[in-house]
Amino acid sequence: MSKLKLSILTLLLVAAAGLAYVFIPTHVRLSSEILNKSIGDGFKVVGYKAVSTEPKDGKLNHFFLIAEGSDVKDAEPFLITSDMFIKVERTSEEENKLKVELKGRVKAFDNDQWITKPDGSVHHWFLSLDAEYNK
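Dropping the structure here:
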C-alpha cells in the first residue's frame, strides 16, 4: 500500500512541476544601471542590465526614455539589446528626435514614445535606430 501511495505522490509531484514549468511566466528584473544620459528639456535616457528567467534571452540590456525625476518602474523600455554601449544623440530640438546607434543584437525597439513629465505634460518623441550586428 505504501508503494502505491509513494508512486501516486511522485506522479503528482512530477505533474505539478511540469505544469509549473509551462504556466509560470518569465520575469525580467533590472540589475545595475549602465547608462544615465540627459538629453535636454528635462528628459534622459537610462539603461539597465536585465536578468531574465528565460534562458534563451541571454544577457540583455533595457533602455528607457523618461522625464527627469521619473522612475523606470512606470516606463516601458524603448530598446532591448545585447549591446550595453549604445550612442544616443538628439537630432532635433524642435521635434523631439533621437538617434540611437549600437552594434549588438536587437530584441525589441519602439520608435514612437509618449513621455509624461511629473507636471502632467505629455511629449511625443521619435526615435531612429542604426544597428550593426556582427556575430
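The opening residue of the sequence shown carries number 85 in my numbering; numbering runs sequentially from there. Ideal placement from N, C-alpha and C gives every residue a C-beta, glycine not left out.
Any C-beta of chain D under 8 Å from that of residue i
i	result
PRO161	No chain D is present in this structure, which holds just one protein chain.
Simplified DSSP assignment, three categories, for residue i
i	result
ALA159	coil
TYR217	coil
ASP141	helix
LYS201	coil
SER212	strand
GLU185	strand
ASP42	With the chain covering 85 to 219 only, the question about residue 42 has no answer from this structure.
Same chain, Cβ closer than 7 Å to residue i, neighbours up to 5 away in sequence not counted
i	result
ALA215	LEU186, VAL190
GLY202	It should be pointed out that residue 202 corresponds to Pro in this sequence rather than to Gly. Contacts found: ALA151, GLY153, SER154.
GLU138	THR110
GLY126	ALA151, GLU152, LYS201
Close beta carbons around residue i, own chain, < 6 Å, minus the five adjacent residues each side
i	result
LYS181	THR175, PHE210
GLU173	LYS183
PHE193	LEU163, LEU213
TYR217	ARG189
THR200	VAL206
Backbone CA spacing between residue i and residue j [nearest angstrom]
i	j	result
GLY102	HIS111	18 Å
ASP167	HIS207	27 Å
SER212	ASP196	9 Å
ALA100	PHE147	36 Å
LEU90	VAL106	24 Å
VAL156	LEU96	41 Å
PRO161	LEU149	7 Å
LYS133	ARG113	9 Å
LEU88	VAL98	15 Å
VAL130	SER115	12 Å
LYS140	PHE169	21 Å
Residue span of the beta strand (DSSP E) that contains residue i, given as start and end
i	result
THR175	171-176
SER136	127-136
ASN120	112-124
Alpha helix (DSSP H) segment containing residue i, residue limits
i	result
SER91	86-107
Chain-order list of residues whose beta-carbon lies under 8 Å from that of residue i (same chain, five-residue window excluded)
i	result
GLU179	PHE210
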